[in-house]
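Asker: Got a structure for you, written out below as structure tokens; questions coming shortly.
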Amino acid sequence: MSTISVIVPATTANIGPGFDCIGSALTMYNQFYFTKEEKSKSQLDIYVIGKEADKVKCDHNNLVYKAFTYLYRHIGEPLPIISIKIKLGIPLSKGLGSSATAIVGGLIGANELAGQPLSKIDLMNLAIQIEGHPDNVVPALFGKCQLAVKKNTDWEICPLNWHSSIVPIVAIPNFELLTEKARSVTPKTVLMSDAVFNISHIGLLIKSLETGNAKWLSEALHDKLHQPYRQHFIKGYENVRQAAIKAGAYGVVISGAGPTLLILSNFKNADNIKYVIKEAWLKEEVNSETQILSIDNYGVKIHYL
Numbered sequence: 001m002s003t004i005s006v007i008v009p010a011t012t013a014n015i016g017p018g019f020d021c022i023g024s025a026l027t028m029y030n031q032f033y034f035t036k037e038e039k040s041k042s043q044l045d046i047y048v049i050g051k052e053a054d055k056v057k058c059d060h061n062n063l064v065y066k067a068f069t070y071l072y073r074h075i076g077e078p079l080p081i082i083s084i085k086i087k088l089g090i091p092l093s094k095g096l097g098s099s100a101t102a103i104v105g106g107l108i109g110a111n112e113l114a115g116q117p118l119s120k121i122d123l124m125n126l127a128i129q130i131e132g133h134p135d136n137v138v139p140a141l142f143g144k145c146q147l148a149v150k151k152n153t154d155w156e157i158c159p160l161n162w163h164s165s166i167v168p169i170v171a172i173p174n175f176e177l178l179t180e181k182a183r184s185v186t187p188k189t190v191l192m193s194d195a196v197f198n199i200s201h202i203g204l205l206i207k208s209l210e211t212g213n214a215k216w217l218s219e220a221l222h223d224k225l226h227q228p229y230r231q232h233f234i235k236g237y238e239n240v241r242q243a244a245i246k247a248g249a250y251g252v253v254i255s256g257a258g259p260t261l262l263i264l265s266n267f268k269n270a271d272n273i274k275y276v277i278k279e280a281w282l283k284e285e286v287n288s289e290t291q292i293l294s295i296d297n298y299g300v301k302i303h304y305l
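The opening position of the sequence shown corresponds to residue 1 in the UniProt record's numbering, with each subsequent residue numbered one higher.
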């Protein structure tokens, strides 16, 4: 049997005021290989390589495999005997959509092995069901920057233009922040003034991403629904933010649930921002990895090997 390779990009979600509805695909990837076995002593064989391979479950609780089985249950087909190889390129539990890549990778791999019974929209809906929200899985599937809007029981997906002059930089500290912990501190109700603040800022965010207007973008990245409650989980957050702004960044936001920070900049200042962020975190006794990335415009990629 041929092996199916599924490459899924990292994502950065929320992007300031776009809580649980805006996300963008980035040029950082996890890769999943699925092989349908004719004969095997065991039902499941999972092999993981990469920097954090020891943290990934290799049994029936593996998220890739759970998504894989979810699709087969959905279509009512018997589960095939498979082997899965996972090549990690995205840090785990850092706010860069690693779980979304596992869900998307598992669903795509299952759909390919089953003969493509489901459309990409069908797969998107299953991914949202598993993940619980659309802001990571949608750009992981389709690429680009995406806005997802709930429409009764369906979703309206709107790609957003990202101006070529806006450079995404990710600053990844050497500690984890579980999504459940970050979500636990967001309020169940908010002030009307805070809701209006975010509505106006998300409108400005969409327009500033489209035009590359630096003044608009610097204001648009502010938020009152999730970041004020989560930033205290990120050691040195304010010092890192101020250092980046002083070095010329348009703004600093929490990527997804964190602790990774997304910094938006122009090309001229990107290298210096990368340096000052690392230095600012070192002063807080936090080691970090900082990467200048681009927007992935394609989303998931499938190859038959």
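By construction, the Cβ of each residue, glycine as well, lies at the ideal position given by its N, Cα and C atoms.
Specify the secondary structure class of Lys36 as computed by DSSP and reduced to three states.
Answerer: Within the sequence shown, the letter at position 36 stands for residue 36. Of the three classes helix, strand and coil, the one that applies to Lys36 here is strand, per DSSP.
Asker: Under 8 Å by Cβ, that's how I've got Asn269 and Ala249 pegged, so tell me the actual separation to the nearest angstrom.
Answerer: For the purposes of this step, residue 269 is taken as residue 269 along the sequence shown, with counting starting at 1. For the purposes of this step, residue 249 is taken as residue 249 along the sequence shown, with counting starting at 1. Confirmed, about 7 Å.
Asker: I'd like to check one pair, Leu209 with Asn161: are the Cβ atoms closer than 8 Å?
Answerer: Residue numbering aside, residue 161 sits at position 161 when the sequence shown is read from its first letter. Residue numbering aside, residue 209 sits at position 209 when the sequence shown is read from its first letter. Yes; because the gap between Cβ atoms is below 8 Å, this pair is in contact.
Asker: If Ser5 sits next to Pro139, beta carbons under 8 Å apart, how far is it from one beta carbon to the other, in whole angstroms?
Answerer: Locating residue 5 in the sequence shown gives position 5, where the first residue counts as 1. Locating residue 139 in the sequence shown gives position 139, where the first residue counts as 1. That pair is no contact at about 20 Å.
Asker: Pick out the complete alpha helix (DSSP H) segments inside the region 1-85, 4 residues or longer, and give them in chain order.
Answerer: Fully enclosed alpha helix (DSSP H) runs of 4 or longer: 63-75.
Asker: I'd like to know whether the C-beta atoms of Ser93 and Glu176 end up nearer to each other than 8 Å.
Answerer: In the sequence shown, counting from the first residue as 1, residue 93 sits at position 93. In the sequence shown, counting from the first residue as 1, residue 176 sits at position 176. Against a cut-off of 8 Å, the Cβ pair of Glu176 and Ser93 comes out as a contact.
Asker: Tyr47: buried (16+ other C-beta within 10 angstroms of its C-beta) or exposed?
Answerer: Start at 1 with the first residue of the sequence shown, and residue 47 comes out as number 47. Result: exposed.
Asker: How would you write the range of the beta strand (DSSP E) that Val167 sits in, first residue to last?
Answerer: Against the sequence shown, residue 167 aligns to sequence position 167. Looking at the DSSP string, the run of the beta strand (DSSP E) that includes Val167 is 167-173.
Asker: Is the region 141-153 in contact with the region 230-244, if contact means three or more CB pairs nearer than 8 Å?
Answerer: With a cut-off of 8 Å, the region 230-244 and the region 141-153 do not count as touching, because too few Cβ pairs lie within range.
Asker: Kindly indicate which three-state DSSP category Gln116 falls into: helix, strand or coil?
Answerer: Here residue 116 corresponds to residue number 116 of the sequence shown, with the count starting at 1. Correct three-state label for Gln116: coil.
Asker: DSSP on Glu279, reduced to helix/strand/coil?
Answerer: Locating residue 279 in the sequence shown gives position 279, counting from the first residue. Glu279 falls in the helix class under three-state DSSP.
Asker: Three-state secondary structure (DSSP) at Gly95?
Answerer: If you number the sequence shown from 1, residue 95 lands on position 95. It is coil, neither helix nor strand.
Asker: Is Lys274 buried or exposed, if buried means 16 or more other CB atoms sit within 10 Å of its CB?
Answerer: Within the sequence shown, numbered from 1, the residue matching residue 274 stands at position 274. With 16 or more other Cβ atoms within 10 Å, it is buried.
Asker: Can you find the residues in the same chain that come closer than 7 Å, C-beta to C-beta, to Asn174, ignoring five residues on each side of it along the sequence?
Answerer: On the sequence shown, position 174 is the one that residue 174 refers to. Cβ neighbours of Asn174 beyond the five flanking positions: Val286, Asn287, Ser288.
Asker: Mind the definition here: the region 16-31 touches the region 66-73 only if three or more C-beta pairs lie below 8 Å; say whether that holds.
Answerer: Flag = no, the region 16-31 and the region 66-73 do not touch.
Asker: Where does the unbroken beta strand (DSSP E) through Thr290 begin, and where does it stop?
Answerer: Locating residue 290 in the sequence shown gives position 290, counting from the first residue. Looking at the DSSP string, the run of the beta strand (DSSP E) that includes Thr290 is 288-292.
Asker: Would you report the Cα separation of Gly105 and Ser98, rounded to the nearest angstrom?
Answerer: For the purposes of this step, residue 105 is taken as residue 105 along the sequence shown, with counting starting at 1. For the purposes of this step, residue 98 is taken as residue 98 along the sequence shown, with counting starting at 1. Their Cα atoms are separated by approximately 10 Å.
Asker: If we ignore side chains and look at the alpha-carbon of each, how far apart do Leu147 and Ile157 end up?
Answerer: On the sequence shown, residue 147 is found 147 positions in, with the first residue counted as 1. On the sequence shown, residue 157 is found 157 positions in, with the first residue counted as 1. Their Cα atoms are separated by approximately 6 Å.
Asker: Mind reading off the beta-carbon distance from Leu88 to Glu131? Whole number of angstroms is fine, and I expect it under 8 Å.
Answerer: Taking the first residue of the sequence shown as 1, we reach residue 88 at position 88. Taking the first residue of the sequence shown as 1, we reach residue 131 at position 131. Actually they do not touch by this definition, with Cβ atoms about 19 Å apart.
Asker: If we count the other Cβ atoms within 10 Å of its Cβ and call it buried at 16 or more, is Asn61 buried or exposed?
Answerer: Walking along the sequence shown from the start, residue 61 turns up at place 61. By the neighbour-count rule (16 or more Cβ atoms within 10 Å), Asn61 is not buried but exposed.
Asker: Give the C-beta separation of Gly16 and Leu221 to the nearest angstrom, bearing in mind that I take them to be a contact with Cβ-Cβ under 8 Å.
Answerer: For this step, residue 16 is matched to residue 16 along the sequence shown. For this step, residue 221 is matched to residue 221 along the sequence shown. Confirmed, Cβ separation roughly 4 Å.
Asker: Taking the straight line between their C-alpha atoms, what separation do you get for Lys57 and Ala257?
Answerer: Looking up residue 57 in the sequence shown gives position 57. Looking up residue 257 in the sequence shown gives position 257. Roughly 22 Å separates the two Cα atoms.
Asker: Determine the extent of the beta strand (DSSP E) in which Tyr304 is found, giving its start and end residues.
Answerer: Walking along the sequence shown from the start, residue 304 turns up at place 304. Residues 301-304.
Asker: Go through its chain and collect everything with a Cβ distance to Ile86's Cβ below 6 Å, but skip five positions before and after it.
Answerer: Along the sequence shown, one-based indexing puts residue 86 at 86. These residues qualify, in order along the chain: Phe32, Val48.
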